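Just add 5 to wherever you are in the sequence shown, counting from 1, and you've got our numbering.
Don't be surprised by glycine CBs; every beta carbon is placed ideally from N, CA and C.
The structure presented is a predicted model; accordingly, all values stated were derived computationally and were not measured.
Right, one structure below, let's go through it.
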Amino acid sequence: MNFESEFEQFNSWDQAERKAIRAYELYEEGQMSEALSAMDEAIEINPSNDRWHFNKALTLDAMEGFDQAIEEYKLALELNPHDVEMLNCLAVDYTRVGQYDLSLEIFRQIEEIDPNFEPGFCNRIITYTEMGNYEMAEQMFYLAQQIDGSCPLCFYNIGNSFFIQDNFRKAVWCWEKTAYLEPEHPQINYHIAQGYWNLGEKENARQYFIRELRKNPGDKEVVFDFGLFLLHCGDVISAAEKFRRILEIEPSCATAVFYLGEIELHAGRQKEAEELYLEVVKLDRNMAGPRFRLAQLAFERGQKDAAFSLLAAELELDIRRPEVLQAIGVMMMELGQTDYATHCFLRVSELGSADAMNYFYLGKALAVRGEFEDAEQFLDYALEFDAANYELFRDVLLVYLKTKRPEKVLDLMAVINVEGNSTFELNIIKAIAQLKIYSRRLKLLKIFRKQKTTG
Numbered sequence: 006m007n008f009e010s011e012f013e014q015f016n017s018w019d020q021a022e023r024k025a026i027r028a029y030e031l032y033e034e035g036q037m038s039e040a041l042s043a044m045d046e047a048i049e050i051n052p053s054n055d056r057w058h059f060n061k062a063l064t065l066d067a068m069e070g071f072d073q074a075i076e077e078y079k080l081a082l083e084l085n086p087h088d089v090e091m092l093n094c095l096a097v098d099y100t101r102v103g104q105y106d107l108s109l110e111i112f113r114q115i116e117e118i119d120p121n122f123e124p125g126f127c128n129r130i131i132t133y134t135e136m137g138n139y140e141m142a143e144q145m146f147y148l149a150q151q152i153d154g155s156c157p158l159c160f161y162n163i164g165n166s167f168f169i170q171d172n173f174r175k176a177v178w179c180w181e182k183t184a185y186l187e188p189e190h191p192q193i194n195y196h197i198a199q200g201y202w203n204l205g206e207k208e209n210a211r212q213y214f215i216r217e218l219r220k221n222p223g224d225k226e227v228v229f230d231f232g233l234f235l236l237h238c239g240d241v242i243s244a245a246e247k248f249r250r251i252l253e254i255e256p257s258c259a260t261a262v263f264y265l266g267e268i269e270l271h272a273g274r275q276k277e278a279e280e281l282y283l284e285v286v287k288l289d290r291n292m293a294g295p296r297f298r299l300a301q302l303a304f305e306r307g308q309k310d311a312a313f314s315l316l317a318a319e320l321e322l323d324i325r326r327p328e329v330l331q332a333i334g335v336m337m338m339e340l341g342q343t344d345y346a347t348h349c350f351l352r353v354s355e356l357g358s359a360d361a362m363n364y365f366y367l368g369k370a371l372a373v374r375g376e377f378e379d380a381e382q383f384l385d386y387a388l389e390f391d392a393a394n395y396e397l398f399r400d401v402l403l404v405y406l407k408t409k410r411p412e413k414v415l416d417l418m419a420v421i422n423v424e425g426n427s428t429f430e431l432n433i434i435k436a437i438a439q440l441k442i443y444s445r446r447l448k449l450l451k452i453f454r455k456q457k458t459t460g
């Protein structure tokens, strides 16, 4: 190699180094796309630098390009296979994309290389939590604590695990420990506020929401949840102020507009609410909720066709709130759309949220469709769930009356002892059932006599 070629190679490597440094500066400034381009240019000149592949992967992580980051970590590890920091980042990304087996395998490799590498245990808390293996998540926490008892991220991660398990007291304790060890931990006061909210300790929750917003007044997620919290507490004026604050930060935030509509609706200002719901549909055509509310308003005005169109459009979205599905089902029944109604009530059951009333509505819808055997099964489920509910018992009897099954009415009244079973209302139902049975027998008797006479 002569002097000129050596100089050219040195010059190109120097150029690559400068590009890599520039990429780091852009990364620190939050200009991720530009940082990625600069890093690509550096790697193109010198693809054998493992740290550059690693830095590119970190940039991709910051851009939430986790699948691409995984491939880049792999390239870095081909050049430096025993770097525990790189392995740890790869394992974390495997967790992020849901490849838990691969994540755990990488963590095991880290443990073999360096048994005292604390992040390998700390981050495994997240992996096991997402897998639903909370016992192993807790075990990883204790192993991490043996290495570093003052790791704020460990307390944060195990706090998340407790929160998912509805163990809010332990979650709050862990997050308060994180806040003590690392006061600037992102959104830590917000998480503590959520914990106290779920514990029903509203004043503590309020104070931690305020603490978080003092540190980060422009955090839209925190402002929004604080608005929901205030709405839940009945502080409607303050809640509305928070939702308007979100619109100052992000004028096209459909969710904030929706909750302003909710406030107007519950205040009895239907026209103002309707205008806001229509605005939400324009801002986000895939958002669940506004069409449902518009359908309710149309239904109350007797605009049945409009209500049905809006409800049908709402059902095309991914609705997971059982109370909304049940309300849609009830309206569909009133509109004579029993197929849609049945779908709604079945969906509630699939979500594991069926109660006595949902089984009743499902049984009623099936009865209207003429599917009496299935209807009876769900109506029986409803009574098993809440046998002492007088209104439910009465409504089940009325379904059987309307579907011409008076014998079932009398059978139920004979075996189920509901408080108020001898009320005037139930006595009327019983009398009607007996009359229907008597009328049926009378008709059969007349037919029999007619056949006997003609015979």
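Specify the secondary structure class of residue i as computed by DSSP and reduced to three states.
i    : result
N194 : helix
V286 : helix
H87  : coil
G341 : coil
S358 : coil
M44  : helix
S166 : helix
E69  : coil
G266 : helix
D230 : helix
Y304 : In the sequence as displayed, the identity of residue 304 is Phe instead of Tyr. The answer is helix: DSSP assigns F304 an H, G or I state.
M292 : coil
S38  : helix
R324 : Note on identity: in this sequence residue 324 is Ile, with Arg being the wrong assignment. The answer is coil: DSSP assigns I324 none of H, G, I, E or B.
Rounded to whole angstroms, what's the CA-CA distance from residue i to residue j? Just pull it up for me.
i    : j    : result
D72  : L63  : 12 Å
D45  : V227 : 36 Å
F15  : N51  : Caution is warranted here: a pLDDT of 42 is assigned to F15, below 50, making its placement in the model unreliable, and no coordinate value can be reported.
G232 : I152 : 41 Å
L322 : R445 : 47 Å
L204 : D171 : 9 Å
F377 : T347 : 14 Å
A335 : I169 : In the sequence on display, residue 335 carries Val and not Ala. For V335 and I169, the distance between alpha carbons rounds to 32 Å.
N194 : A392 : 45 Å
K287 : R326 : 22 Å
C156 : A74  : 26 Å
V353 : Y213 : 35 Å
H196 : C159 : 15 Å
S53  : T183 : 39 Å
G266 : I254 : 18 Å
A25  : E77  : 15 Å
M6   : S42  : Low confidence applies to M6: its pLDDT is 49, below 50, so where it sits in the model is not reliable, and the reading given next is rough at best. Computed Cα separation, rounded: 31 Å.
Y147 : E189 : 24 Å
E69  : G103 : 14 Å
A198 : F398 : 43 Å
D416 : T260 : 51 Å
Y32  : A40  : 5 Å
A436 : L406 : 11 Å
T100 : F173 : 24 Å
A293 : K441 : 46 Å
K483 : E430 : The structure shown does not extend to residue 483, since the chain is modelled only from 6 through 460, so no value can be given for it.
G164 : K175 : 7 Å
E83  : R298 : 56 Å
A244 : W180 : 26 Å
I242 : I215 : 16 Å
Rank the options by C-alpha distance to the C-alpha of residue i and give the top, closest one.
i    : options                : result
A318 : V335, R290, A332, T183 : R290
N162 : R374, P124, V373       : P124
A372 : L397, I333, A393, T343 : T343
L65  : M292, E83, Y29, W180   : Y29
S257 : M338, A303, L236, L281 : L281
A142 : A149, L148, I130       : I130
E22  : M37, L95, E49, E34     : E49
D55  : L315, P86, E39, L41    : P86
A370 : N394, S358, Q331, F398 : Q331
D240 : A293, G357, I268       : I268
T132 : R113, D119, E117, N121 : R113
Q301 : C238, A312, A293       : A312
L80  : T100, V97, F59, G70    : F59
P295 : C94, F167, A278        : A278
Q20  : A47, G35, L92          : A47
E284 : G273, Y264, A272       : Y264
R5   : I421, Q308, G375, G35  : Any answer about residue 5 is impossible in this case: the structure gives the chain only from 6 up to 460.
D88  : M145, I324, I118       : I118
I202 : K225, H237, G223       : The question names Ile, but residue 202 in the sequence shown is Trp. Nearest of K225, H237, G223 to W202, Cα basis: H237.
Check the C-beta distance from residue i over to residue j and give it rounded, since I have them as a contact under 8 Å.
i    : j    : result
L388 : I434 : L388 to I434, Cβ: 15 Å. No contact.
G5   : V177 : One cannot answer for residue 5 here, as it falls past the ends of the chain, which runs 6 to 460.
L384 : G368 : 4 Å
L315 : A303 : 6 Å
C127 : A96  : With a Cβ gap of about 11 Å, C127 and A96 do not count as contacting.
Original post:
Pairing CB atoms from the region 104 to 112 with CB atoms from the region 132 to 143, are three or more of them under 8 Å?
Top reply: yes
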